[in-house]
Amino acid sequence: MSTRLAHTTSSLSSPPTARQPKVDLTKQWERLDQQEHRVLTRMTLEAVDAYTRTVKEMLRGALDEQQTEIGGYFSPSGGFRYMVRIKSVSTELENLRQAILHHSPASVVMQRMDLIRGLLCDILL
1 MSTRLAHTTS SLSSPPTARQ PKVDLTKQWE RLDQQEHRVL TRMTLEAVDA YTRTVKEMLR
61 GALDEQQTEI GGYFSPSGGF RYMVRIKSVS TELENLRQAI LHHSPASVVM QRMDLIRGLL
121 CDILL
């Protein structure tokens with residue numbers, strides 16, 4: 001039996017262990033709430049950049065957990081779906097940035113952030 005097959009067989013026979021999330025989701029959502037409030041009150045690129053960093057950290061955490069759950073690699077369908085959603089989040093982050101650059105009204109900025117939040121919910125929950 002090859003070592004690769006032996007490793008796979010031994011990992012399948014071992015009982016699953018409970019994993020602790022690296023970062024509490026509640027804290028991540030609270031941080032995102034704070035960043036959204038900052039974007040709406042300041043309407044600056046600096047606020048959007050901080051918001052973008054928070055979103056990217058949340059995505060990175062979701063991908064790390066997904067890789068851990070399935071043994072370090074993506075299944076073709078699951079990985080593809082995540083990549084499509086992440087691309088959508090990236091596109092919406094750029095749209096948010098453009099809305100700030102073009103001095104769009106707060107309602108447009110709120111719609112962009114609401115859409116990003118919905119995409120994050122799809123990925124994280």
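Numbering (UniProt numbering), first residue to last: 1 to 125. Quick reminder that beta carbons are idealized off the backbone N, C-alpha and C, glycines included. Fair warning: this is a prediction, and the values are worked out from it, not measured in the lab.
Please state the DSSP three-state secondary structure of residue i.
i: D24; result: coil
i: M43; result: coil
i: K125; result: It is worth fixing the name first, because residue 125 is Leu in this sequence and not Lys. L125 falls in the coil class under three-state DSSP.
i: S90; result: helix
i: residue 203; result: Outside the displayed range of the chain (1 to 125) lies residue 203, so it cannot be described from this structure.
i: H37; result: helix
Short of 6 Å in beta carbon distance, which residues of its chain neighbour residue i, apart from the five on each side in sequence? Order them along the chain.
i: R97; result: V48
i: R53; result: none
Beta carbon of residue i, beta carbon of residue j: below 8 Å?
i: L124; j: L32; result: no
i: V109; j: I100; result: yes
Could you check if residue i is buried or exposed, using at least 16 other CB atoms within 10 Å of its CB as the buried criterion?
i: L120; result: buried
i: A6; result: At A6, the pLDDT of 45 sits below 50, so the modelled position is not reliable; the number obtained from the coordinates is stated separately. A6 should be labelled exposed.
Stretch pair the stretch 33–40 + the stretch 84–94: three plus CB contacts closer than 8 Å: Pairwise C-beta distances place the stretch 33–40 out of contact with the stretch 84–94, as fewer than three of them are shorter than 8 Å.
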